[in-house]
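J.: Numbering (our numbering), first residue to last: 917 to 1037. Glycine included, every Cβ here is placed at the ideal spot set by N, Cα and C. Remember, it's a predicted structure, so these values are computed and weren't measured experimentally. Please see the structure below; I have some questions.
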């Protein structure tokens, strides 16, 4: 069994349309003692029709060999909007060009990473 740690560094992007922000997530990954720095991916933050979870995040492209990246994105979304209580506007015409930027300090998420071979198994 193999695990990886993902260290989110920054999430930044801008208002795309009345229900969506297009952002870029910058992060590092540590897996089996190897630190892979300066990774990034495109993330879409969309307005959801749910009162408890009003926003959701989806990834815009493939993210290397991490099979559980979606779980990380779901956890990061929960952290941003429930723990940090980050507030976004949606649906306002004057929001065009609105820019978001969140810096993450000294935190990581652990994810299951079965695609990498574990020599001890």
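Taking buried to mean at least 16 other C-beta atoms within 10 Å of its own C-beta, is residue 992 buried or exposed?
T.: As a first step, residue 992 is located in the chain shown; it is residue number 76 there, counting from the start. It is buried - the Cβ of residue 992 has at least 16 other Cβ atoms within 10 Å.
J.: Taking just the CA atoms, how far does residue 1027 sit from residue 984?
T.: As a position in the chain shown, residue 984 is number 68, starting the count at 1. As a position in the chain shown, residue 1027 is number 111, starting the count at 1. Rounded to the nearest angstrom, the two C-alpha atoms are 6 Å apart.
J.: Name the one or two DSSP bridge partners that residue 975 has.
T.: Sequence index remark: in the chain shown, residue 975 carries index 59 (1-based). For residue 975, which the question treats as bridged, DSSP gives the partners 959.
J.: Given that a residue counts as buried once 16 or more other Cβ atoms are within 10 Å of its Cβ, and exposed if not, what is residue 973?
T.: Within the chain shown, residue 973 is the residue found at index 57, counting from 1. The residue in question, residue 973, is buried, as its Cβ has 16 or more Cβ neighbours within 10 Å.
J.: Give every residue of the same chain whose Cβ lies closer than 7 Å to the Cβ of residue 1032, excluding the five residues on either side of it in the sequence, and list them in chain order.
T.: Within the chain shown, residue 1032 is the residue found at index 116, counting from 1. The predicted position of residue 1032 is uncertain, since its pLDDT is 47 and thus under 50; a value taken from the coordinates is nonetheless stated next. The answer, listed in chain order, is 918, 947, 948, 981.
J.: State the beta-bridge partners of residue 1019 as determined by DSSP.
T.: Translated into the one-based positions of the chain shown, residue 1019 becomes position 103. 926, per the DSSP bridge assignment.
J.: Please return the same chain residues whose Cβ sits closer than 7 Å to the Cβ of residue 939, not counting the five positions on each side in sequence.
T.: Counted from its first residue, the chain shown places residue 939 at position 23. Here the set comprises 927, 928, 929, 959, 961, 1016.
J.: DSSP beta-bridge partners for residue 938?
T.: On the chain shown, residue 938 is found 22 positions in, with the first residue counted as 1. Bridge partners of residue 938: 930, 960.
J.: Where does residue 1014 fall in DSSP's three states?
T.: What you label residue 1014 is simply residue 98 of the chain shown in a count that begins at 1. Coil, per DSSP.
J.: So if DSSP puts residue 1027 in a beta bridge, which residue, or which two residues, is it bridged to?
T.: As a first step, residue 1027 is located in the chain shown; it is residue number 111 there, counting from the start. The partner list for residue 1027 (beta bridge, DSSP) reads 920.
J.: Keeping to the same chain, check which residues put their C-beta closer than 6 Å to that of residue 942; ignore five residues upstream and five downstream.
T.: Numbered from its first residue, the chain shown carries residue 942 at position 26. Closer than 6 Å at Cβ, skipping near neighbours: 925, 926, 956.
J.: Pick helix, strand or coil for residue 944, following the three-state DSSP scheme.
T.: Position 28 of the chain shown, counted from the start, is the residue given in the question as residue 944. Strand at residue 944.
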